[in-house]
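In the UniProt record's numbering, the protein residues as written are 1 to 324.
Take a look at the structure:
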């Protein structure tokens, strides 16, 4: 096992582990010169291509966007690739667990609005994220504490050739990428991921935050194979999945499943669904400082209705578009 360096770039002293993923470990660290706290991702150097190098290149392309992590330094430290970033706060996964696995409607609408804007920014720079899930969204600190940041671009990729301005070709022989619980149905089926898949993953995440769970996530979900998760996902109708929550979330999901492979999602339309919903809610900043009401009473506005077959969009709930 490679020995973890005590310092990175001579000035960042490593502290406790903050988290780990499939290719890197994240550490809390401190700049010994100015005492600033930062986060450092370390990836062992191997002969194959580096996921951390790819993530660094993508973050530099996205640099300056709201809710995009800021890279302070990237380089080699002994037998590791190291990336130093501004320190951010807790993930939505951890916050969700601390709030008894339920966010109130206002919180979910706010998060959805922000994350649609983040995805629009990422997509406008010719990238897809590829792994939208609660663990990959974190809140900022201090003045950015109400800002949601999308992190972990290790499996992100370009969907458009920047030189020719052509979309990547449609393929139907891919392996599942990302996290099965929040992956799109097309991703499960081996279809090349595109922008539509980011939107579908976001829809699952927002529904998860309102429901407290998903039908394919039970107490033994860690034992479920991706095939079993797909089977439950396909066999769960939109009506059942979105029962008891505002119809707008069903509309987002159905819309994402109706998109063609190379089609540009209408982010404005999706945000308008949430804006219409938010107009009926009391004004409220996104604030996780106290537990959310686990059973918020929906307003009287007709837009906030439970999902029933009669009010769902006419698109089939399990539509798997493979249009080019």
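Where is the CB? At the ideal position from N, CA and C, for every residue including glycine. Since this is a predicted model, take the numbers as computed values, not measurements.
Cβ neighbours of residue i in the same chain (closer than 6 Å, five flanking residues each side left out)
i           : result
residue 245 : 210
residue 274 : 109, 112, 113
residue 5   : 77, 78
Residue i to residue j span [Cα, whole Å]
i           : j           : result
residue 201 : residue 120 : 14 Å
residue 240 : residue 191 : 25 Å
residue 7   : residue 75  : 13 Å
residue 77  : residue 45  : 10 Å
residue 2   : residue 266 : 46 Å
residue 131 : residue 252 : 18 Å
residue 260 : residue 170 : 10 Å
residue 242 : residue 133 : 18 Å
residue 235 : residue 272 : 29 Å
residue 43  : residue 155 : 14 Å
residue 203 : residue 80  : 36 Å
residue 225 : residue 255 : 27 Å
residue 124 : residue 147 : 20 Å
residue 55  : residue 153 : 5 Å
residue 159 : residue 194 : 7 Å
residue 161 : residue 122 : 15 Å
residue 197 : residue 166 : 19 Å
residue 91  : residue 29  : 18 Å
Best match in the options for proximity to residue i [C-alpha to C-alpha]
i           : options            : result
residue 328 : 60, 78, 155, 80    : Residue 328 falls outside the range modelled here, since the chain spans only 1 to 324, and no answer is possible.
residue 269 : 116, 175, 282, 193 : 116
residue 62  : 207, 151, 281      : 151
residue 138 : 128, 118, 126, 124 : 118
residue 278 : 65, 247, 217       : 247
residue 175 : 164, 187, 168      : 187
Proximity test, Cβ basis, 8 Å: residue i and chain B
i           : result
residue 126 : The chain labelled as chain B is not found in the depicted structure, where only one protein chain is given.
Identified DSSP bridge partners for residue i
i           : result
residue 31  : 12
residue 157 : 128
residue 166 : 161
Residues of its chain near residue i, where Cβ-Cβ distance is below 7 Å and the 5 sequence neighbours each way are ignored
i           : result
residue 96  : 103, 134, 209
residue 98  : none
residue 217 : 181
Same chain, Cβ closer than 8 Å to residue i, five either side skipped, listed in chain order
i           : result
residue 58  : 127, 153, 156
residue 207 : 214, 241, 242, 245, 249, 253
Practice task
For the region 178-188 and the region 225-237, state whether three or more C-beta atom pairs, one from each stretch, are separated by less than 8 Å.
Solution key: Cβ pair count under 8 Å is three or more, so yes.
Handout entry: At least three beta-carbon pairs within less than 8 Å, the region 78-90 to the region 22-41
Key = Judged by pairs of C-beta atoms under 8 Å, the region 78-90 touches the region 22-41, as three or more such pairs exist.
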